[in-house]
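First comes the structure, then the notes that go with it.
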């Protein structure tokens, strides 16, 4: 099991490397200091639905349209990641994590290693019940981009950079 | 419909204008997408299985469409949205205008949607005073420029960075003139960002809709569709009814295929899976200090499902496949003609590229398809590129046939009755199409009267008449007919390997071109086969039906298919292999005959027929002595172009393998099609386009590593085209291998 999830993690890391998307792997204990290195102020976010980590106090976790527009970085949770594609799945929540992840220039999705799935069919199977329950999600892969102005440009209507923070799960002794 | 000389000239002027103004940008972008597709699908573990899965989902969904529409309607209503099933564009627009009116909407922002282009909803809303803003950057460029999309996925593909900069600098007069794509993107993002946050309604399309959850799948990269759907409190989605699939689980193959097939991306930045009304709070800058989390929004969602001809397409055995289309643009990007001229020529009122013929005929009517349908040459390169396995050339052929059967009275019966003994309803079909469709008759006559027919054909006044009446461009050299046909030659010569001594028995199919014009390549084929200890026969079997089929003359092609099968059946029963030189005829046997012959007959001919180099490969693999052929030791270095249909059949690899086995030094082209495509390049209105497509091939064969090699091509058309664009002789591979070959 650990070997298999290890290989899924490697695939996720490789896919992100191919996309030139930064990834930092960290522990729940080191989360705040990791985040500090990754973000540019001002930072907004939405509460993380994880037991072992929460947003540091210096992140505005109740953004308004005004603070969202002024923010340089957003930090939101991803429900899970898709190893083959380097994608993160961003859920629509009543706190607004979907639009919050979209406006600032840098988006930092946070997810647990245990929430990586191997491939697209598995990801969609996992989403099936959620969507049938009225939920919505974005499969996001790298920054927003456009080629419509005559050359490829990263950073169109959405972030121009993504930095994934991957939380180590449990520890090897589990 | 008849195409008069005047119409031809207007058409050729329009194409020339587009080649000059938009051709370079279109070419660079489509070639990039197409190359990206090859690279991206190569990463998939089982691309073919994934395509078949996607195809099966669409087949099932269209079969069950009425039931899925009902299920989706219930689901969306249970979710808190509304569904409106619009009969046509006017009906949809009326409903959307009512929504705008009820919401006192001053501005509606849109993400990219071809269906909304089909409706012309922008114009309808603008007439009511609604400010409609396209937020996809490409669509916005076109809105500013007041132009139509030239591509399904990248609508402003025909515009270069410089042109967009010039447009923006003129329109908006920024303090600092904009130059780079980065600057243009930032400018557009800022400007559109302000317009989005102020909008009353967001309108999106949908790539797929799931009936079980009421979710929309939106495939985008810019993030504008996310903002459009979520920032305003009212979301209107417009989608053709064909976009519905049964369940969420059906989405996976489409997510994996759509970006790869279209722009060559493994996946686009954002695949939104929205189940509206969504849980996300409205981003309301009128209340810019209210925390998003504290809002309690009452979102409104309207799904406008569009019929507009689709339910009738579903009942049409030939147009139905069009409804499987996911509008990825692969058929456009892989198409030689599209790569040169783009969607402003290769497109109708709304849709562009090969599949547009099906869409336009279905939603706007045959007239709209007639304007560009001829640009599909049937090269079939789009068939393997299509992620839902649509036989796009067949749709183009059927629509061409239907167009042939309507329209004006013919004017050339006086010569045509003898020359064009086809099975078509006379009096309506374009004389140019009938001439090319009945090429076998012309070739017979030309051969019987050669060389006089050739002298005549070369005369200036004759070429002038040919150009004026049937639009054969006088800049093309016409093929010269041989007095002695291949069949006659072989009959008097006889086989040199007796059936008793032979390893195998083969029937060499005398295609029209080989039999009447390039008899030499037929003779070379006979000698090559005999060198492999094959007992050869060359029976007088007629034309395969390819020529009439390419002109949309399906009934004639059908009759020819039956005659060819009758002529070959006994040989097949006797266990003789059918060997075919011309790939477009082999493609008839292996693909189109499925539509013309009983299943058993089709399968028997398909399984018993081989491309000539495929057959040589098989002989060599089974112990034939390659040293009895001309080998690379002493033979020429080769610049090889495989035929488009040969590649789609997957048999081009045998030519490559034989050259390699026999130690030839080969450089191969990677262009999709030579641009000649049978009769296409002879037509006055398409001559320049054909030459432009051919130039891509010429460029590869005039590169330093290829310029001194013998030019070799598997197709008749490819040989003719290469000779025209390169001014060098071209030969068929079998002429290179011929033990008597002197080619260098």
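Residue numbers (the working numbering), protein chains in the order written: chain U, 279 to 452; chain P, 38 to 781. By construction, the Cβ of each residue, glycine as well, lies at the ideal position given by its N, Cα and C atoms. Predicted model only: the values in this text are computed from it and were never measured.
(request) List the endpoints of the continuous beta strand (DSSP E) containing residue 427 of chain U. (result) In the DSSP annotation of this structure, residue 427 of chain U is not part of any beta strand (DSSP E), being labelled neither H nor E.
(message) Could you check whether the Cβ of residue 350 of chain U sits closer than 8 Å to any Cβ belonging to chain P?
(response) Not one chain P Cβ lies under 8 Å of residue 350 of chain U.
(message) So that I know if they touch, is there some Cβ in chain U lying closer than 8 Å to that of residue 245 of chain P?
(response) In terms of beta-carbon proximity, residue 245 of chain P stays away from the interface with chain U, with every pair separated by 8 Å or more.
(request) Could you spell out the range, first to last residue, of the beta strand (DSSP E) harbouring residue 723 of chain P? (result) From DSSP, residue 723 of chain P is part of no beta strand (DSSP E); its letter is neither H nor E.
(request) May I ask you to report which of helix, strand or coil DSSP gives residue 647 of chain P? (result) Residue 647 of chain P sits in a strand when the DSSP states are folded into three classes.
(message) By the 8 Å beta-carbon criterion, what residues does the segment 375-396 of chain P contribute toward chain U?
(response) Residues of the segment 375-396 of chain P with a C-beta less than 8 Å from any C-beta of chain U: none at all.
(message) Let me confirm a value: residue 305 of chain U is counted as buried when at least 16 other C-beta atoms fall within 10 Å, else exposed. Which label applies?
(response) It counts as exposed.
(request) Name, in chain order, the residues that DSSP records as bridge partners for residue 121 of chain P. (result) In the DSSP assignment, residue 121 of chain P is bridged to P:341.
(request) Report the three-state DSSP secondary structure of residue 427 of chain P (helix, strand or coil). (result) Reduced to three states, the DSSP call for residue 427 of chain P is coil.
(request) Would you decide whether residue 247 of chain P is buried or exposed? Buried here means 16 or more other CB atoms lie within 10 Å of its CB. (result) Looking at its Cβ environment, which holds 16 or more other Cβ atoms inside 10 Å, residue 247 of chain P is buried.
(request) For residue 311 of chain P, count neighbouring Cβ atoms within 10 angstroms of its own Cβ and tell me buried if that reaches 16, exposed if not. (result) Buried is the call here.
(request) For the alpha helix (DSSP H) holding residue 564 of chain P, just list the boundary residues, first then last. (result) Residues 556-568.
(request) For chain P, find out if any of its Cβ atoms is closer than 8 Å to the Cβ of residue 286 of chain U; answer yes or no. (result) No, because no Cβ of chain P sits closer than 8 Å to the Cβ of residue 286 of chain U.
(request) Following the continuous alpha helix (DSSP H) through residue 60 of chain P, name the residue where it begins and the one where it ends. (result) Where residue 60 of chain P is concerned, the enclosing alpha helix (DSSP H) stretches over 60-79.
(request) Assign residue 399 of chain U to one of three DSSP states: helix, strand, or coil. (result) DSSP places residue 399 of chain U in the helix class (H, G or I) of the three-state scheme.
(request) Going by CA-CA distance only, name the one from U:445, U:436 and U:441 that's closest to residue 306 of chain P. (result) Comparing Cα-Cα distances from residue 306 of chain P to each of U:445, U:436 and U:441, the minimum goes to U:436.
(request) Report the residue from P:185, P:261, P:228 and P:215 whose alpha carbon sits nearest the alpha carbon of residue 424 of chain U. (result) Of P:185, P:261, P:228 and P:215, the residue nearest in Cα terms is P:261.
(request) Please report the Cβ distance between residue 773 of chain P and residue 749 of chain P, rounded to the nearest whole angstrom; I am assuming they are in contact, meaning their Cβ atoms lie under 8 Å. (result) That pair is a contact at about 6 Å.
(request) Give the residues from the segment 114-139 of chain P that approach chain U closer than 8 Å (Cβ to any Cβ), ordered along the chain. (result) If the cut-off is 8 Å between Cβ atoms, the segment 114-139 of chain P has 116 near chain U.
(request) Look at the Cβ atom of residue 3 of chain P, then the Cβ atom of residue 427 of chain U, and state whether they are nearer than 8 Å. (result) Residue 3 of chain P is absent from the model: chain P starts at 38 and stops at 781.
(message) Between residue 280 of chain U and chain P, is any beta-carbon pair separated by less than 8 Å?
(response) The pLDDT assigned to residue 280 of chain U is 41, lower than 50, so where the model puts this residue is not dependable, and the model offers no usable value.
(message) For residue 318 of chain P, count the other beta carbons within 10 Å of its own beta carbon; 16 or more makes it buried, fewer makes it exposed. Which is it?
(response) Buried, by the Cβ-count rule.
(request) Whole angstroms is fine: what's the gap from residue 137 of chain P's alpha carbon to residue 250 of chain P's? (result) CA-to-CA, the gap between residue 137 of chain P and residue 250 of chain P works out to about 26 Å.
(request) Return the chain-ordered list of same chain residues with a C-beta closer than 6 Å to the C-beta of residue 650 of chain P, the five sequence neighbours on each side being excluded. (result) Excluding sequence neighbours, residue 650 of chain P sits near 691, 692, 695 and 770.
(request) Rank P:240, P:484 and P:316 by C-alpha distance to the C-alpha of residue 373 of chain U and give the top, closest one. (result) Sorting P:240, P:484 and P:316 by C-alpha distance to the C-alpha of residue 373 of chain U places P:316 at the top.
(message) In whole angstroms, give me the CA-to-CA distance for residue 38 of chain P and residue 442 of chain P.
(response) For residue 38 of chain P, the predicted model reports a pLDDT of 44, less than 50, meaning its position is unreliable; a value from the coordinates is still stated below. Using only the alpha carbons, I get a separation of about 8 Å.
(request) Go ahead and label residue 430 of chain U buried or exposed: buried means 16 or more other beta carbons lie within 10 angstroms of its beta carbon, across all protein chains shown. (result) By the neighbour-count definition (other C-beta atoms within 10 Å, threshold 16), residue 430 of chain U is an exposed residue.
(message) With a threshold of 8 Å between beta-carbons, can residue 292 of chain P be considered close to chain U, or not?
(response) Output row for residue 292 of chain P: interface = yes.
(message) Between which residues of its own chain and residue 453 of chain P is the CB-CB distance below 7 Å, once the five residues before and five after are set aside?
(response) Only weak support is given to the placement of residue 453 of chain P: the predicted model assigns it a pLDDT of 49, under 50, and the value that follows is read from those uncertain coordinates. Taking residue 453 of chain P as the centre and dropping the five residues before and after it, the same chain places the C-beta of 468 and 471 closer than 7 Å to its C-beta, in chain order.
(message) Less than 8 Å between CB atoms is the rule here; does residue 434 of chain U satisfy it with respect to chain P?
(response) Residue 434 of chain U counts as touching chain P.
(message) Tell me the rounded alpha-carbon separation between residue 449 of chain P and residue 279 of chain P.
(response) Low confidence applies here, because residue 449 of chain P scores a pLDDT of 40, under 50, leaving its location unreliable; read the following figure in that light. When rounded, the distance between both Cα atoms is 43 Å.
(request) In angstroms with no decimal places, state the Cα-to-Cα distance between residue 321 of chain P and residue 51 of chain P. (result) In a straight line, the C-alpha of residue 321 of chain P is about 48 Å away from that of residue 51 of chain P.
(message) Using beta carbons (cut-off 8 Å, strictly below), is residue 342 of chain U in contact with chain P?
(response) By this cut-off, residue 342 of chain U is an interface position.
(request) From the DSSP output, in three-state form, read off residue 738 of chain P for me. (result) In this structure, residue 738 of chain P counts as helix in the three-state DSSP scheme.
(request) Measure how close the beta-carbons of residue 379 of chain P and residue 55 of chain P come, nearest whole angstrom, since I'm counting them as under 8 Å. (result) At roughly 7 Å, the Cβ-Cβ gap stays under 8 Å, so residue 379 of chain P and residue 55 of chain P are in contact.
(message) Measuring only the C-alpha atoms, how far is residue 145 of chain P from residue 167 of chain P?
(response) So the alpha carbons of these two residues sit roughly 7 Å apart.
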